[in-house]
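What follows is a set of notes on a single structure, which appears directly below.
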């Protein structure tokens, strides 16, 4: 279990290094969705 988790984490870290711009875009989209959901919940 633990070695598999470690391997998955290392491959994820490698992917993050390879595709930093995609991670920035993804985090930006998540923030936008979260903010719009918060606004929608406050207005209703």
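Numbering (my numbering), first residue to last: 628 to 671. C-beta: ideal position from N, C-alpha, C; glycine also.
Q. Got a sec: does the ligand HEM put a non-hydrogen atom nearer than 6 Å to the Cβ of residue 645?
A. The ligand HEM is absent from the structure shown, which contains no ligands of any kind.
Q) In angstroms, rounded to a whole number, what distance separates the CA positions of residue 656 and residue 650? A) 10 Å
**Q.** Reduced DSSP secondary structure (H/G/I, E/B, other) of residue 634
**A.** helix
Q.
I'd like the list of long-range same chain contacts for residue 643, defined as Cβ closer than 7 Å, with 5 residues on each side in sequence excluded.
A. 650
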